[in-house]
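Working notes, structure below.
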Amino acid sequence: MSTRSTLLTGWSALILLLMVWHQAEPSPAPVNPWLLGLFSSLPLLLCAPVLARPTRNGLVILALLCLLYFAHAVSTLWGLNGAVWWPASELVLVLLVFCSALLCARQMPST
0 MSTRSTLLTG WSALILLLMV WHQAEPSPAP VNPWLLGLFS SLPLLLCAPV
50 LARPTRNGLV ILALLCLLYF AHAVSTLWGL NGAVWWPASE LVLVLLVFCS
100 ALLCARQMPS T
């Protein structure tokens, strides 16, 4: 498996995880869970053109964006007493996307 296909697989799995997570967990406010899942994965969805036509700067921006999701996963893991499966999966997928985005950017020719 190449780094680009690993990046695409991890990116789509992370979006899917965020959507399913917000469907499975009850929200404290009367908010539609689909809107909450879409709102939480919106920054990742905005990176879709970067993945369609990867550029070096776009992949680095995607890797920096992953730091927000990394912080979310770590803070949720530290503050959670119950189901640890969701944030642990998010943490693994964020690390996968982060590393594969930087490796893919490193393999691209410099312009």
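Just so it is clear: in the sequence shown, position 42 is 41 by numbering that gives the first Met the number 0, and no numbers are missing.
Beta carbons are placed, not taken as given, at the ideal position from N, Cα and C, and that holds for glycine.
Rounded to whole angstroms, F97 and P29 show a C-alpha spacing of 33 Å. If you compare the alpha carbons of H21, L45, L50, A47 with that of G36, the shortest gap goes to H21.
Within the region 44-84, no beta strand (DSSP E) run of at least 3 residues lies entirely inside it. Between the alpha carbons of H71 and S109 lies a distance of about 32 Å.
E24 and L90 have their C-alpha atoms roughly 17 Å apart. For M18, the enclosing alpha helix (DSSP H) starts and ends at 2-23. Between T2 and L102 a beta carbon distance of about 5 Å is seen, short of the 8 Å cut, so the two are scored as contacting.
Here V59 really is in contact with A104; their C-beta atoms are around 5 Å apart, less than 8 Å.
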